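Structure (structure tokens):
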């Protein structure tokens with residue numbers, strides 16, 4: 001299925017591509033007791049970028065609860081708007097959509113990596129409507145970074161870092177791209193240090209905890 005390659009960057013740059021086609025990477029219900037109605041957050045992929053600041057208009061909630069709109073589904077946006085919140089963060093709000101292919105009938109398309117407003121060029125020159133995004137084999141190579149960060153330099157990172165875990169059909173996010181607005185995500189990291197296991201106890205109960213330091217290629 002052809003996705004609208006570059007459409008995420010184009011929309012974030014203020015353009016309005018007509019009826020762009022995306023793949024749904026994830027659908028998450030927002031856990032907030034203050035909300036009077038259920039709200040859903042969507043992670044969209046255009047095959048090049050994945051964008052997590054996407055909200056579903058409440059009139060479309062039934063598309064999620066019915067199971068029609070699920071992870072890996074291919075959708076066409078018939079109507080949408082992009083709002084700026086907290087001065088810099090851009091939130092894409094889906095007002096109307098058409099499900100072209102159910103998630104159970106397809107796999108993750110392309111090698112999408114999380115879109116970053118700050119690092120993206122000011123103008124989008126790679127938007128090509130209905131461009132076919134070809135699937136590629138994973139090229140991830142684990143780092144060999146030592147726990148001693150002073151004596152061991154940071155490894156060289158290949159610029160085309162693969163962020164798709166094909167074995168699990170899910171997008172792997174760099175630690176640096178995570179925000180408080182993402183309530184679920186997948187990361188691939190190396191543990192550089194781990195504290196001893198400690199016990200805790202309070203009025204709510206008791207348990208065990210420990211702390212770890214994690215690094216990835218971001």
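In UniProt numbering, the protein residues as written are 1 to 218. Quick reminder that beta carbons are idealized off the backbone N, C-alpha and C, glycines included. This structure is a prediction, so every number in the text was calculated from the model and none was measured.
With respect to residue 92, residue 40 sits apart: the two C-beta atoms are not nearer than 8 Å.
Per the coordinates, the alpha-carbon of residue 97 lies some 48 Å from the alpha-carbon of residue 202.
When beta bridges are read from the DSSP output, residue 31 appears opposite no residue.
Between the region 100-112 and the region 57-66, the count of Cβ pairs shorter than 8 Å is below three; the stretches do not touch.
At a Cβ-Cβ threshold of 8 Å, residue 209 and residue 198 count as neighbours.
Here DSSP, grouped into helix, strand and coil, assigns residue 82 to strand. When the five nearest sequence neighbours on each side are left out, the beta carbons in the same chain lying within less than 6 Å of the beta carbon of residue 54 are those of 42, 44, 92, in order along the chain. For residue 189 against residue 175, the beta-carbon gap comes to about 7 Å, under 8 Å, which counts as contact.
Per DSSP, reduced to three states, the secondary structure at residue 187 is coil, with no helix or strand assignment. In this structure, the beta-carbon distance from residue 22 to residue 77 falls below 8 Å. In terms of Cβ geometry, residue 75 and residue 24 form a close pair [threshold 8 Å]. Shown here for residue 32: same chain residues with a beta carbon closer than 8 Å to its own, the five before and five after excluded, namely 39 in chain order. Looking only at 69, 79, 109, the smallest Cα-Cα distance to residue 16 is reached by 79.
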